[in-house]
Amino acid sequence: MVNEIKNRFRLLYNKEAEILVKAPGRINLIGEHTDYNAGLVLPAAIDKCMYFLFSSNDSNLGRVYAKDLNKQVTIDLNNLQKTDSVWVNYIVGLLLEFKIKGLSLKGFECVFSSDIPIGAGMSSSAALECGFAMGMNHINQLSLGSWEIVDMSYHSNHTFMNIYGGIMDQFTSLFGQNDKCMLMNCADRSFSYHDIDLKEYSIVMLNTNVKHEHTTSGYNERSAECREIVKRLQKFDSDIKSISETNNETINTVGIEWPDNLKRRARFVIDENDRVLEFSRAMKNGDIQKLGELLYQSHYGLQHLFEVSCPELNLLVDLTRDNQDILGARMMGGGFGGCTINLMKSDCVEEITNTLISKYKERAGIQAESYFVKVSDGARVMML
2 MVNEIKNRFR
12 LLYNKEAEIL
22 VKAPGRINLI
32 GEHTDYNAGL
42 VLPAAIDKCM
52 YFLFSSNDSN
62 LGRVYAKDLN
72 KQVTIDLNNL
82 QKTDSVWVNY
92 IVGLLLEFKI
102 KGLSLKGFEC
112 VFSSDIPIGA
122 GMSSSAALEC
132 GFAMGMNHIN
142 QLSLGSWEIV
152 DMSYHSNHTF
162 MNIYGGIMDQ
172 FTSLFGQNDK
182 CMLMNCADRS
192 FSYHDIDLKE
202 YSIVMLNTNV
212 KHEHTTSGYN
222 ERSAECREIV
232 KRLQKFDSDI
242 KSISETNNET
252 INTVGIEWPD
262 NLKRRARFVI
272 DENDRVLEFS
282 RAMKNGDIQK
292 LGELLYQSHY
302 GLQHLFEVSC
312 PELNLLVDLT
322 RDNQDILGAR
332 MMGGGFGGCT
342 INLMKSDCVE
352 EITNTLISKY
362 KERAGIQAES
372 YFVKVSDGAR
382 VMML
């Protein structure tokens, strides 16, 4: 892939690139929809990545070519405007963040390509943001730290993209380490690295091939519901800043007259935070069976309490339940399509996935895809 974009870079711009940036996608073992609720998450960077080539120029123009889409755009750095293209808007939003910080930017050329499945819940958008921001940071010699890039992406998502998520995806793409997951408290950003030891099991993703985009899904609706819950909790205790600071007993007392949907959302977030801690402990103690149980519990909550699943995701999870070579499964990502994350016996992954894909095609009429992922390092800049 890198050689392909190098060749395309030369053809398009008649010059050599100065740097290569690699930004990974991510999985989230458990802790879904908790990041924007200042809760706990357990993500890891993966070996599916977005690759960028950059060079600088003396103009006020940025030229970006998305190889996988065969689309090119020229951006006037002195006149940054929203476009009709989502991928371009991610880039424009970040360029505005550099401007908001009062940073001067050179003109640039960029070509990028990815093997992260789009719309599968593996955060291709965060890889786009992190890789692009790191490249601009480097060619402009700005010395921004990784947390600053996380914050710029977060702010751009909220103010420019109108996507009201958290910081987990960008954090994971930037801070990932080989063979490690990260237990992060999104309230204070404290985190720790943990070995992923799944014994004779492997992480396999199954893609429903029902595509989703956060901007057109119910993602923002769930985020708004959670903010409404916090407002209601603050009438009881003005110091409460997130659902993650409370418990089910408080919700049962304070929320007795709340709409049922808000009670379900709160219960899910509280329970999911508990599951993250349980999952981390079980992994440390080598309790592999417990990991699978927690995945199924998480999916139940995402389906029935947080209501972000869909029939295709539920079908893929249900198809795993009677297979003794599968520990557990759940939907992963924002929901309403995308992937399930599965813990499967390593020595029969191909046989298991072929069976599941066949049954899914029979029942849903859709061809699913499987991805075997390895936990990998976070984003990197390489000189050429």
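Note that our numbering has the sequence shown beginning at 2, numbered continuously upward. By construction, the Cβ of each residue, glycine as well, lies at the ideal position given by its N, Cα and C atoms.
Take residue i and list the residues in its own chain whose beta-carbon comes closer than 6 Å to its own, dropping the five residues that flank it on each side.
i: Phe176; result: Gly379
i: Pro260; result: none
i: Ala121; result: Asn208, Gly339, Cys340
i: Met123; result: Gly26, Ile117
i: Val376; result: Ala45, Asp180, Ile197
i: Asn286; result: none
i: Phe99; result: Leu106
i: Met169; result: Asp36, Val42, Pro44
i: Leu357; result: Leu320
Helix, strand or coil: which one does DSSP assign to residue i?
i: Pro260; result: coil
i: Arg228; result: helix
i: Asp85; result: coil
i: Lys346; result: strand
i: Ala128; result: helix
i: Leu145; result: coil
i: Gln73; result: strand
i: Gly32; result: coil
i: Val151; result: helix
i: Met123; result: coil
i: Ser245; result: helix
i: Asn318; result: First, the residue type needs correcting, since residue 318 is Val and not Asn in the sequence shown. Helix.
i: Ser203; result: strand
i: Glu309; result: The residue you asked about is not Glu; residue 309 is Val in the sequence shown. Three-state DSSP puts Val309 in coil, outside helix and strand.
i: His215; result: Bear in mind that the predicted position of His215 carries a pLDDT of just 49, short of 50, making it unreliable; the figure below should be weighed with that in mind. Correct three-state label for His215: helix.
i: Asn138; result: helix
i: Ser281; result: helix
i: Glu17; result: coil
i: Asp240; result: coil
i: Asn80; result: coil
Just curious, the alpha helix (DSSP H) that residue i is in, first and last residue?
i: Tyr165; result: Looking at the DSSP string, Tyr165 is not in any alpha helix (DSSP H), and its letter there is neither H nor E.
i: Pro118; result: Here Pro118 belongs to no alpha helix (DSSP H), and DSSP marks it neither H nor E.
i: Gln325; result: Note, Gln325: premise wrong, no alpha helix (DSSP H); not H, not E.
i: His159; result: Looking at the DSSP string, His159 is not in any alpha helix (DSSP H), and its letter there is neither H nor E.
i: Ile252; result: 249–255
i: Tyr37; result: Run containing Tyr37: none; DSSP gives neither H nor E here.
i: Glu294; result: 289–305
Give me the DSSP bridge partner(s) of residue i.
i: Asn58; result: Gly108
i: Arg64; result: Thr75, Glu110
i: Glu370; result: Asn208
i: Ser191; result: Asn186
i: Phe53; result: Val22, Phe113
i: Met333; result: Cys340
i: Ile101; result: Note: Ile101 sits in no beta bridge, so no partner.
i: Ile47; result: Val376
i: Asp196; result: Lys181
i: Val42; result: Met185
Tell me the residue span of the beta strand (DSSP E) that contains residue i.
i: Val22; result: 20–29
i: Val382; result: 381–384
i: Phe10; result: Element bounds for Phe10: not the beta strand (DSSP E) but the alpha helix (DSSP H), 3–14.
Short of 7 Å in beta carbon distance, which residues of its chain neighbour residue i, apart from the five on each side in sequence? Order them along the chain.
i: Val374; result: Ile28, Ile47, Asp48, Lys49, Ile204, Met206
i: Pro172; result: First, the amino acid is wrong: residue 172 is Phe here, not Pro. Closer than 7 Å at Cβ, skipping near neighbours: Val151, Met185.
i: Leu316; result: Tyr361, Arg364, Ala365
i: His159; result: Tyr165
i: Ser144; result: none
Name the residue from the options whose alpha carbon lies nearest to the alpha carbon of residue i.
i: Tyr155; options: Tyr91, Ala121, Leu385; result: Tyr91
i: Asp77; options: Leu96, Lys68, Asn71; result: Leu96
i: Tyr194; options: Ala188, Asp180, Gly287; result: Asp180
i: Ser407; options: Gln298, Glu352, Met383, Val382; result: In the structure as shown, the chain begins at 2 and stops at 385. Residue 407 is therefore absent and cannot be evaluated.
i: Ile101; options: Phe10, Leu292, Leu81; result: Leu81
i: Phe307; options: Leu295, Tyr220, Cys131; result: Tyr220
i: Asp189; options: Ile367, Val42, Ile6; result: Val42
i: Met384; options: Phe269, Asp238, Asn4, Phe55; result: Phe55
i: His34; options: Ala128, Asp240, Gln304, Ser105; result: Gln304
i: Lys212; options: Met332, Glu294, Ala39, Ile119; result: Ile119
i: Ala18; options: Ala67, Tyr52, Glu110, Gly40; result: Glu110
i: Lys291; options: His300, Glu279, Gly302, Cys131; result: Glu279
i: Gly63; options: Met332, Val277, Gly136; result: Gly136
i: Asn61; options: Thr75, Gly336, Ser239; result: Thr75
i: Tyr66; options: Asn8, Ala369, Ile230, Gly336; result: Asn8
Near residue i, what residues of its chain come up, given a Cβ to Cβ distance below 8 Å and the 5 sequence neighbours on each side ignored?
i: Lys107; result: Ser57, Asn58, Asp59, Ile140, Asn141
i: Thr216; result: Any reading at Thr216 must be qualified, since the residue scores a pLDDT of 42, below 50, and its modelled position is unreliable; the value itself is stated next. The residues are Val87, Met162, Asn163, Ile164.
i: Met2; result: Tyr52, Ser114, Asp116
i: Glu294; result: Gly329
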